[in-house]
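In this text, residue positions in the sequence shown follow numbering that gives the first Met the number 0: the first is 0, and each later residue adds one.
The beta carbon of each residue, even a glycine, is placed where N, CA and C say it ideally should be.
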Amino acid sequence: MKFDKSMTSVGTSLLILHLLEVRDMYGYQIISELSAQSCNVFEFQEGTLYPVLHSMQKDGYIDSYAVKAENGRMRKYYKITERGKRQLHTKKKEWRAFSAAMEQMIGGRA
């Protein structure tokens, strides 16, 4: 099922922080994991993901570092910061309250 972009944009940074809490990842890995773990519901293009990553880095929620890949090219990895972990905790609580309220309002109705 395809969703309106406004529905998915709200939770994008939450999903990215959630993935990076588990392990550091480079951009393509983040895109692949978002897709795989959501059964292809969250499918992002690089042009959508990287501006979000840059904004999150500017806000201090994530940081990046370079690693030389097997092919010799440098690959940029992203990792969650302590500030990002606090943000993740806060946003998870907000999301749970929001989704519970939405489910209470519209749950069970098509």
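Simplified DSSP assignment, three categories, for residue i
i: Tyr-49; result: helix
i: Arg-74; result: strand
i: Val-113; result: Given a span of 0 to 109 for the chain in the structure shown, any question on residue 113 remains unanswerable.
i: Leu-44; result: The residue you asked about is not Leu; residue 44 is Gln in the sequence shown. Coil at Gln-44, not helix or strand.
Where the alpha helix (DSSP H) containing residue i begins and where it ends
i: Ala-35; result: 26-36
i: Gln-86; result: 81-105
Residue range of the unbroken beta strand (DSSP E) whose run includes residue i
i: Val-66; result: 61-67
Contact under 7 Å by Cβ, residue i with residue j
i: Tyr-76; j: Tyr-25; result: yes
i: Ile-79; j: Glu-20; result: yes
i: Leu-13; j: Lys-90; result: yes
i: Ile-30; j: Phe-41; result: no
i: Leu-16; j: Leu-87; result: yes
Short CB-CB distance (under 7 Å) between residue i and chain B
i: Ala-99; result: This model lacks chain B altogether, as it is built from one protein chain only.
Contact between the region 79-88 and the region 50-67: three or more CB pairs below 8 Å?
yes
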